Structures are given as C-alpha cells and as structure tokens.
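K.L.:
This is the structure, below, for whatever I ask next.
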C-alpha cells in the first residue's frame, strides 16, 4: 500500500509527541522521524510537507525553538545542533502509531531540557511575535498569540498578563 501520509502523522500534536519522546530534536531529526514513520506505514511523505508541518507547529507554539543553553545530551552541551525544537505550551503531545520504535531507529543520546531557560526563551519570543503582529496590524496572528498567552501560563511559571493585555487592547482597538 502506497500513498501520502495523512495529516495525523504531521499533525502538530503528533510532532510534539515525537519530540517529547526525546525531550528535544533538531528539525532534521524530526523530519527523519516522520519519514521513518511513513516508511513503517509503507507510505511516502514529501520533505516539503514535513517542513511545512513543522513550521505550522512552531508558528502555533506546539513546538518551540529551544536555545542551546536550555538543552543537554548525556550531561553535555548541545554543540552545533541546528534548529533544536522542544515541546511548546500549545501542544497536547500525542504519539502517532509506531512512534515507540523511534528511539531505536534514530539512535540519539539521552537528552534533557532546562524548562526555566526554555520558558524564558518562549516568553521573549511571544513578546517579539506580539510586537511584530501589532506592527503588521495582523489581527489573525494576534488572536493566535492571545490564546498562546493562556497556554504559556499553564505550561510555565511565568506572568504573561502584560503581553496578553497589550494584545487584547490592540484587538479591541484601544
């Protein structure tokens, strides 16, 4: 049986579930994981479609770019890992079928995420994204970011109220 992998493999929460298996993955590793899952299903997946799905998950804060200082492997630093991603505040991680085999297939070292450093980076990104959306007068993006502010507060011990208040004021035309 052949064909394209359905949306369930590339859904943002499935992507988050795959990343959650490892604590963090690079974009390349996540793309490879999705390709491996497709292979196990005897399906094909387009590399551009995977990249697009990852971009959507990042834009929606299901996955978040992780600063190197928030990441470690086997007690060591990350080194030159390109584009590391961690599970973000808007994710409800779920594992796609056969994902339990991925730790054996990908063969990556034990990894950890410093949640405090990751939370600070997400808060900075949220603030930057809000400023950009306000400058662009992008109400749709502001709506997404307003929802994300609630997710961030339940995900990490940070105060997002000032950002949310600014977003809501902009949406209300104040």
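Numbering (this note's numbering), first residue to last: 40 to 213. We put the beta carbon where it would ideally sit given N, CA and C, even for glycine. Computed from a predicted model, the values in this text were never measured in an experiment.
#1: Does the distance from the C-beta atom of residue 103 to that of residue 72 stay below 8 angstroms?
#2: Label residue 196 either buried or exposed according to how many other C-beta atoms from any shown protein chain fall within 10 Å of its C-beta, with 16 as the threshold for buried.
#3: Would you report the Cα separation of residue 149 and residue 139, rounded to the nearest angstrom?
#4: Let me make sure I understand the geometry here. Which of 86, 101, 159 has the alpha-carbon closest to that of residue 58?
#5: Please report how far the alpha carbon of residue 189 lies from the alpha carbon of residue 199, in whole angstroms.
#6: Between which two residues does the alpha helix (DSSP H) harbouring residue 277 extend?
#7: Check for me: the beta strand (DSSP E) holding residue 102 runs from which residue to which?
#8: Under 6 angstroms Cβ to Cβ from residue 43, same chain only, skipping five residues before and after it: list those, please.
#9: Would you kindly check if the distance between the Cβ of residue 172 and the Cβ of residue 184 is under 8 angstroms?
#10: Would the stretch 123-137 and the stretch 50-57 be scored as touching if the rule is three or more Cβ pairs under 8 angstroms?
#11: Note down, in chain order, each residue of its chain lying with its Cβ closer than 6 angstroms to the Cβ of residue 158, except the 5 sequence neighbours on either side.
#12: Do you know offhand how far residue 108's Cα is from residue 155's?
#13: Compare the beta carbon distance of residue 152 and residue 62 with 8 angstroms and say whether it is the shorter of the two.
#14: Does the beta-carbon distance from residue 123 to residue 187 come in below 8 angstroms?
#15: Drop a sphere of 10 angstroms on the beta-carbon of residue 219, count the other beta-carbons inside from all chains shown, and report buried for 16 or more, exposed for fewer.
P.N.:
Looking at the atomic coordinates:
#1: No, Cβ-Cβ distance for residue 103 and residue 72 is not below 8 angstroms.
#2: exposed
#3: 15 angstroms
#4: 101
#5: 8 angstroms
#6: Nothing can be reported for residue 277: it is not among the residues displayed for the chain, which extend from 40 to 213.
#7: 102-104
#8: No answer about residue 43 holds up, because its pLDDT of 40 lies below 50 and its placement is not dependable.
#9: yes
#10: Result yes; three or more Cβ-Cβ pairs closer than 8 angstroms.
#11: Closer than 6 angstroms at Cβ, skipping near neighbours: 195, 197.
#12: Their backbone Cα atoms lie some 10 angstroms apart in a straight line.
#13: yes
#14: Taking a C-beta distance under 8 angstroms as the contact criterion, residue 123 and residue 187 do not qualify as a contact pair.
#15: A query on residue 219 cannot be resolved here, the shown segment of the chain reaching from 40 to 213 and no further.
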